[in-house]
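Residue numbering for the sequence shown is 4 to 220, as defined by our numbering.
Glycine included, C-beta positions come from ideal geometry on N, C-alpha and C.
Single-structure report; data block below.
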Amino acid sequence: MYPNKTVALSGISLHINPKEFVTIVGASGAGKSTLIRLLIKEEVPTSGKIIVGSIDYDTIDKANIPHLRRRIGVVFQDFKLLPNLTVYENVAFALEVSGVKTSEIKRAVPKILQLVGLSEKMHNYPSELSGGEKQRTAIARALVRNPKILIADEPTGNLDPKNSWDIIELLLKINRFGTTVVLTTHNKEIVDALKKRVITINRGRVVKDEKIGKYSL
Ligand code: ADP
Numbered sequence: 004m005y006p007n008k009t010v011a012l013s014g015i016s017l018h019i020n021p022k023e024f025v026t027i028v029g030a031s032g033a034g035k036s037t038l039i040r041l042l043i044k045e046e047v048p049t050s051g052k053i054i055v056g057s058i059d060y061d062t063i064d065k066a067n068i069p070h071l072r073r074r075i076g077v078v079f080q081d082f083k084l085l086p087n088l089t090v091y092e093n094v095a096f097a098l099e100v101s102g103v104k105t106s107e108i109k110r111a112v113p114k115i116l117q118l119v120g121l122s123e124k125m126h127n128y129p130s131e132l133s134g135g136e137k138q139r140t141a142i143a144r145a146l147v148r149n150p151k152i153l154i155a156d157e158p159t160g161n162l163d164p165k166n167s168w169d170i171i172e173l174l175l176k177i178n179r180f181g182t183t184v185v186l187t188t189h190n191k192e193i194v195d196a197l198k199k200r201v202i203t204i205n206r207g208r209v210v211k212d213e214k215i216g217k218y219s220l
């Protein structure tokens with residue numbers, strides 16, 4: 004419940020297995036963003052329990068939130084890149100703030116940029132990138148800390164169909180490497196083609212949870 008007494012989510016009981024690829028769908032205002040904010044501990048539930056891996060959210064204090072955020076990578080529709088930093092620097096920054104050694108940063112960043120197919124653009128600024136490349140940079144930045152879970156909140160919302168598919172392919176590849184992926188999207192074609200688990204949220208409740216789900220709102 005939000006301070007204005009809006010009940011954004013109610014009676015949600017979900018289990019996501021390690022290494023799963025899950026899509027969450029729901030109309031605008033259904034509660035998807037709230038669910039994601041709970042998972043990254045940007046919001047605290049009024050009641051109920053959240054456990055990710057072995058971490059019980061009730062037991063983590065402020066000091067441990069950075070540790071939790073390292074286990075969970077998040078990418079958003081609007082990329083949230085730092086405009087004055089290059090692709091390399093944007094990704095490196097995520098490690099610098101966690102106190103990773105420069106030698107380790109120099110090793111890890113090119114590797115992850117190769118994984119997302121951005122080696123050539125390493126020294127470009129966000130303004131010089133296509134939407135798809137910006138999202139790849141954001142994904143690289145999330146992945147470079149080796150999270151167990153990657154949350155992609157409408158990652159294709161600002162992309163054309165070709166770039167959207169490329170990003171979805173990349174998320175599938177990351178998932179095959181062993182990272183749990185939680186995707187929210189409004190894109191029916193993508194959801195139906197994925198043939199993965201789909202959780203449908205409506206008015207703060209899970210109304211459908213299917214192993215091979217379809218987009219139906
Ligand atoms: P979605 O991401 O599916 O569009 P949200 O989780 O953003 O849905 O919203 C769920 C409900 O919570 C909506 O009724 C929304 O208006 C409300 N809500 C979201 N964020 C806040 C907030 N910070 N304060 C008060 N109400 C909010």
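Given residue 170 as reference, the closest of 118, 124, 213 once Cα atoms are compared
As a position in the sequence shown, residue 170 is number 167, starting the count at 1. It is 118 whose Cα lies nearest to the Cα of residue 170.
Residue 131 burial status per 10 Å Cβ neighbour count (16 or more: buried)
Taking the first residue of the sequence shown as 1, we reach residue 131 at position 128. By the 10 Å Cβ count, residue 131 comes out exposed.
For the ligand ADP, is there a heavy atom less than 8 Å away from the beta-carbon of residue 190?
Numbered from 1 along the sequence shown, position 187 holds the residue referred to as residue 190. Taking the Cβ of residue 190 as the reference point, every heavy atom of the ligand ADP lies at 8 Å or farther away.
Do you know how far the Cα of residue 105 is from the Cα of residue 156?
Residue 156 sits at position 153 when you count from the first residue of the sequence shown. Residue 105 sits at position 102 when you count from the first residue of the sequence shown. The alpha-carbon atoms of residue 156 and residue 105 are separated by roughly 30 Å.
Inter-stretch contact (C-beta, 8 Å, three-pair minimum) for the segment 9 to 25 and the segment 196 to 203:
yes
Sort 76, 44, 51, 107 by Cα distance to residue 12 and report the nearest one.
The residue labelled residue 12 in the question sits at position 9 within the sequence shown. Taking only the C-alpha atoms, the option nearest residue 12 is 51.
Does the ligand ADP have a heavy atom nearer than 8 Å to the CB of residue 38?
The residue labelled residue 38 in the question sits at position 35 within the sequence shown. Yes.
Which residues does DSSP list as the beta-bridge partners of residue 181?
As a first step, residue 181 is located in the sequence shown; it is residue number 178 there, counting from the start. According to DSSP, residue 181 shares a beta bridge with no other residue.
How about residue 84 and residue 141: do their beta carbons lie closer than 9 Å?
On the sequence shown, residue 84 is found 81 positions in, with the first residue counted as 1. On the sequence shown, residue 141 is found 138 positions in, with the first residue counted as 1. In this structure, residue 141 lies closer than 9 Å to residue 84 by Cβ.
Which stretch, first to last residue, makes up the beta strand (DSSP E) that contains residue 153?
Mapped onto the sequence shown, residue 153 falls at position 150. 152 to 156 is the span of the beta strand (DSSP E), which, as asked, contains residue 153.
Buried or exposed, going by whether 16 or more other CB atoms sit within 10 Å of the CB of residue 109?
Locating residue 109 in the sequence shown gives position 106, counting from the first residue. Exposed: under 16 other Cβ atoms inside 10 Å.
Going by the C-beta, is residue 30 closer than 8 Å to any heavy atom of the ligand ADP?
The residue you call residue 30 lines up with position 27 of the sequence shown. Flag set: Cβ of residue 30 near the ligand ADP.
Could you give the DSSP three-state label for residue 45: helix, strand or coil?
Start at 1 with the first residue of the sequence shown, and residue 45 comes out as number 42. Coil at residue 45, not helix or strand.
For the ligand ADP, is there any heavy atom lying closer than 8 Å to the beta carbon of residue 34?
Along the sequence shown, one-based indexing puts residue 34 at 31. Checking every heavy atom of the ligand ADP against the Cβ of residue 34, one is found closer than 8 Å.
Candidates 18, 174, 147, of which the one nearest residue 154 by Cα
Within the sequence shown, residue 154 is the residue found at index 151, counting from 1. Ranking 18, 174, 147 by Cα distance to residue 154 puts 174 first.
Here's a check: name, in chain order, each residue in its chain whose Cβ is nearer than 8 Å to the Cβ of residue 86, leaving out the five neighbours to either side.
Here residue 86 corresponds to residue number 83 of the sequence shown, with the count starting at 1. Counting only Cβ-Cβ distances below 8 Å, and skipping sequence neighbours, we find 128, 129, 130.
Please classify residue 9: does DSSP put it in a helix, a strand, or coil?
As a first step, residue 9 must be located in the sequence shown, where it is residue number 6. It is coil, neither helix nor strand.
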